[in-house]
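Scroll down for the structure; my scribbles are underneath it.
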Amino acid sequence: MYRITVNSVKKFISGSKISEKALERHLATVKEVFPNKTDFPARHIGPRKTDVVSMLDLLGFKSLDELTNKAVPKAIQLNRDLELDEALNEHDLINRIRNIAQKNEIWRSYIGMGYHNCYVPHTILRNLFENPGWTTQYTPYQPEIAQGRLESLLNYQTLVTELTGLEVANASLLDEGTAAAEAMSLCTRHNRRKKIYLSNRLHPQTISVVKTRAVALEIEVEIGPITEANLASRELAGILIQYPDTYGEVKDFTEISKIAHKNGSLVVAATDLLALTLLRPPAEFGADVAIGTSQRLGVPLGYGGPHAGFFACRQNLVRLMPGRMIGVTRDMDGHDAYRLALQTREQHIRRDRATSNICTAQALLANMSAMYAVYHGPGGLKNIAKNIHQSALAVQTALENAGHTLSNKIFFDTLHVTPNGISVDEIRERAEQKKINFRYFNDGSVGISLDETVKTSDIEDILGVFGCKNLTDVLSEDKFLSNAIENTQYRRTSSFLTHPVFSSHHSESRMVRYMKQLENKDISLVHSMIPLGSCTMKLNSTTEMMPCSFRHFTEIHPFAPVEQAKGYHQMFRELERDLCEITGYDKISFQPNSGAQGEYAGLRAIRSYHEAQGEVNRNICLIPISAHGTNPASAQMAGMRVEPIRIRADGSIDMVHLKEKLAEHEKELSCLMITYPSTMGVFEDTVADICKLVHKHGGQVYLDGANMNAQVGLCRPGDYGSDVSHLNLHKTFCIPHGGGGPGMGPIGVKAHLAPHLPGHPVISPLDNEEHSFGVVSAAPFGSSAILPISWSYIKLMGGRGLKRATQVAILNANYMSKRLENHYKTLFKHPKTDLVAHEFILDIREFKKTANIEAVDIAKRLMDYGFHAPTMSWPVAGTLMIEPTESEDKQELDKFCEAMISIRYEIKEIEDGKWDKMTNPLKMAPHPQRQVISSEWNRPYTREQAAFPASFVKADTKMWPTVGRIDDAYGDKHLVCTCPPILPEF
């Protein structure tokens, strides 16, 4: 249908005498007849127009503008529309993003370097990767309603431990490069040494990430060959090797490990999980830690991510291990259950003493790899590996027969070739004619890395590029397979993946049922609102998610020539332009692949800026005590010294204390790190003044972007004084949380910080890396494959839609606070307006005294009502922080409020002595079906009160917790992170 716009009609009637007002009236009529304006904002934003009116009426406002004009300080208001493209409808959006995607050229990439093409089983693609029941879950901090993904992640940990031979593994990290950096940090914490040694045969991006991390922590880095002489030092905290290495070579590191251990050094092996189905596991040659990426186990290339990094170590290092671990414990009835183990290491508790700032793992991608292993089983994985290895052996035989030289005799999938009788330019030209990418080294040699998608015709094309015999002749030769791993000392003799879960689901029927069975144990946004303060669990629309599966986005190698990724780079430019307009910044870096990584990158950019100004002494980071837990951890990792700033009783920054600290540290001040609106859920009037004060004392302002959902279209951090922010695209800009990752945390900076953004050793995201502080992620543009989600969200909403979303987010929060005010106290409100921002904190602390009820009891009881708990005991212990987002409609908000009010009446029953303080529906919550249908029921409340506590909780829609309340103390005392998963009963 022809798209009718104001401009097209004006052009059509140019020269006529129709008035402007008459034209607008006619256009309004036309739009009713031809409804081709986008309706996406109305689908994304939950409350209907009539609901908005009634909600505003409760608050005493006549319009959204009136509400937000009062909530947001006038001094920082934008007071204009965002200058973004006109909003697209969903069908036009898909056509446009498809056209952009098709500008990417899909070549056969045999570049390797830790990234390999693979086949994603369609049943996993459809039923997990494209399924909101798996993508919209939150991090499993409430384990009773997260048993499904916890089981899957334990499968992942089992996969990693058994292939590496090490005792424990975590539930994923961000990528191989950051996992390597975390491993080397572990080494320095373990033996208190400040020097590490890196093999010169590591992937270059891994070296760069580790070096960047080490510089800030004042850890000395040496890079060179792995020889006995180079490692004969008692100063080394650890050594990092690659197995197989970046050239494809497989070596025995047994003697090297003995030497390292003799000198008190740890051995870290960067390795390939698929190769380990054929090769001796790292633990068998003495490795203490194994890291890498599980990307090639069923996760698409996606121009660099998101992919799950893995991390495994020996048992004695478990309490130093970064990230999250799934452990086995029991519930209150003694039944086995899963939970996050060792949670006291989490950043919101340990702050600047945290071992890591890995707040975002890659749970969704780890689950894909876990399911890939379940789908194929040990035999299937080994067959895939054998096919890849035999393809490489065939290419090796042909190349050597043609006179080319190979530097590696023992390999898995990668060959390092020095051509003979043909120039590398001719090889490149021939390869380009066949649309093949190899890895080209500066010395004229060529790398060829094969993968599971390689077919006979592909091998024939590779051989043709090098002028070799055809494959049939090669396969008939006696020496083919003579160098096979199975004929060498490097072969694997130990078994792996012996648990029945890896051999029970090989038919698609069983596989689909297993994934659905686990999905059914977890609460996600397909069930109900997830009202987590500061986490912004909003709608992740189907239209936004669809491009993530487009072949022209998924099958691009991150180190493919830039001219083959024109679609990606067009999307980067458009998204950068839109984000700069939204934030007021001048430049965006997409490299950080989590919010915590964005914090780290932004702080490193600030330090680099100061150093370029000759002010190397500026290393003090001021952080309010109400800040996100990742803030102090990030500052510590960026080499800064944290100085806390007190807050006032109303939750605002204590300006007197801030001024004292600014004066005290004027010569050393690097930056102030704040969150806006404040972590307490209030728009502070003093934010612009605070920024001016910090600048006056020579510092920079880092504004944590976690609460950007309260600002879009209303105010811009770059306008009121912030120099840099990370943007949680997995919050404000609709990338789903995936059960604990993926996340994306690009940073926006003002122009003076732009030269100091992250660079990359392979494909540079910068025009000039002279002033770059280094590299934060393994891929140049982070988790590129999920950026279409945020690009699509902005294009679908347009400037006005984004502003309305922000206004409704603020409306929803204030509406809920108002509805609950007669039952719970909202802890912080603006002292003049009596309003909150987009989230608010309920004070639960008084109930500990009156009824022995704590925030955790309410959190567990909410599960019986079908809801995930709000953020619990943060930023204030004994409270609940609620953020409804703009996507939840009034009906859902009212249901949650009714649940909270009902719980308040239950607390009143305890206060009045009608229920015992230890045996009541809150202390005994949640109530799994097993308890409710048991023949025994000896509690002072009814089964109906336990399981159906409100009229809206019905049998046909009930979300049952699958276990009773988790016994955390038991799990901490009996730490088990590698126990086989609990199998379903048949």
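Okay, so the sequence shown: first residue is 30 according to the working numbering, each after it adds one.
Even for Gly, the Cβ is constructed at its ideal location relative to N, Cα and C.
DSSP beta-bridge partners of residue i
{"i": "K224", "result": "E249"}
{"i": "G476", "result": "H445 and R468"}
{"i": "T434", "result": "T447"}
{"i": "C700", "result": "C650 and Q729"}
{"i": "G356", "result": "R368"}
{"i": "Q271", "result": "A299"}
{"i": "C1016", "result": "Nothing about residue 1016 can be read from this structure; the chain reaches only from 30 to 1015."}
For residue j and residue i, the rounded distance between their alpha carbons
{"i": "A392", "j": "G767", "result": "6 angstroms"}
{"i": "H789", "j": "R606", "result": "22 angstroms"}
{"i": "G432", "j": "L422", "result": "16 angstroms"}
{"i": "L698", "j": "G728", "result": "6 angstroms"}
{"i": "P254", "j": "D274", "result": "12 angstroms"}
{"i": "R109", "j": "P899", "result": "34 angstroms"}
{"i": "L492", "j": "L307", "result": "25 angstroms"}
{"i": "T948", "j": "L871", "result": "24 angstroms"}
{"i": "S964", "j": "R972", "result": "11 angstroms"}
{"i": "N499", "j": "Q425", "result": "13 angstroms"}
{"i": "L295", "j": "P310", "result": "16 angstroms"}
{"i": "G828", "j": "E115", "result": "8 angstroms"}
{"i": "E573", "j": "Q620", "result": "21 angstroms"}
{"i": "I995", "j": "A366", "result": "7 angstroms"}
{"i": "D997", "j": "H364", "result": "13 angstroms"}
{"i": "K508", "j": "S420", "result": "14 angstroms"}
{"i": "H73", "j": "A834", "result": "8 angstroms"}
{"i": "R647", "j": "L756", "result": "25 angstroms"}
{"i": "A261", "j": "G267", "result": "12 angstroms"}
{"i": "Y332", "j": "I126", "result": "16 angstroms"}
{"i": "C564", "j": "V905", "result": "16 angstroms"}
{"i": "H151", "j": "L849", "result": "46 angstroms"}
{"i": "A664", "j": "L732", "result": "13 angstroms"}
{"i": "P913", "j": "H405", "result": "41 angstroms"}
{"i": "F90", "j": "T97", "result": "10 angstroms"}
{"i": "H377", "j": "Y519", "result": "In this prediction, H377 scores a pLDDT of 44, lower than 50, which makes its location untrustworthy; the coordinate-derived value is nonetheless stated afterwards. Roughly 44 angstroms separates the two Cα atoms."}
{"i": "A739", "j": "I818", "result": "20 angstroms"}
{"i": "S637", "j": "R670", "result": "15 angstroms"}
{"i": "K464", "j": "I611", "result": "39 angstroms"}
{"i": "A390", "j": "H219", "result": "23 angstroms"}
{"i": "G830", "j": "T583", "result": "29 angstroms"}
{"i": "R468", "j": "Y597", "result": "21 angstroms"}
{"i": "V805", "j": "R242", "result": "8 angstroms"}
{"i": "W989", "j": "L891", "result": "11 angstroms"}
{"i": "E1023", "j": "G75", "result": "No statement about residue 1023 is possible, as the shown extent of the chain runs from 30 to 1015 and does not include it."}
{"i": "D86", "j": "S570", "result": "30 angstroms"}
Cβ distance (whole Å) where residue i is taken to contact residue j below 8 angstroms
{"i": "R368", "j": "T358", "result": "5 angstroms"}
{"i": "Y185", "j": "A395", "result": "5 angstroms"}
{"i": "L269", "j": "V244", "result": "Rounded, the Cβ-Cβ distance is 16 angstroms, inconsistent with contact."}
{"i": "M558", "j": "E917", "result": "5 angstroms"}
{"i": "Y894", "j": "P978", "result": "6 angstroms"}
{"i": "K567", "j": "N512", "result": "Contact doesn't hold; Cβ gap of about 54 angstroms is too wide."}
{"i": "M354", "j": "A370", "result": "5 angstroms"}
{"i": "L856", "j": "N843", "result": "L856 to N843, Cβ: 14 angstroms. No contact."}
{"i": "E205", "j": "I320", "result": "7 angstroms"}
{"i": "F1039", "j": "A304", "result": "Residue 1039 lies beyond the range of the chain shown here (30 to 1015); nothing can be said about it."}
request  = For the region 626 to 645 and the region 772 to 784, state whether three or more C-beta atom pairs, one from each stretch, are separated by less than 8 angstroms.
outcome  = yes
request  = Note down, one range per segment and in chain order, each beta strand (DSSP E) of at least 3 residues found wholly within the region 299 to 333.
outcome  = 318 to 322
task = Indicate whether the contact test is met: 3 or more Cβ pairs, each with one atom in the region 935 to 951 and one in the region 89 to 102, closer than 8 angstroms.
result = no
ask   = Three or more beta-carbon pairs under 8 angstroms between the region 904 to 922 and the region 324 to 341, yes or no?
value = no
task = Check whether the region 194 to 207 touches the region 407 to 414, counting contact only when three or more Cβ pairs, one atom from each stretch, lie closer than 8 angstroms.
result = no
message = Tell me whether the region 743 to 760 and the region 793 to 810 touch, counting them as touching only if at least three CB pairs, one residue from each stretch, are closer than 8 angstroms.
response = no
ask   = For the region 144 to 213, which segments carrying the alpha helix (DSSP H) assignment without a break, of at least 4 residues, lie completely within its bounds, in sequence order?
value = 161 to 164 and 176 to 193
query = With contact counted as at least three CB pairs below 8 angstroms, one residue from each stretch, are the region 576 to 585 and the region 807 to 816 in contact?
reply = yes
request  = Just list the beta strand (DSSP E) runs in the region 569 to 652, keeping only unbroken ones of 3 residues or longer that don't cross its boundaries, in chain order.
outcome  = 616 to 618
Cβ contact check for the region 228 to 237 and the region 642 to 660: 3 or more pairs under 8 angstroms = no
The region 543 to 555 in contact with the region 445 to 458 per 3-pair CB rule at 8 angstroms = no
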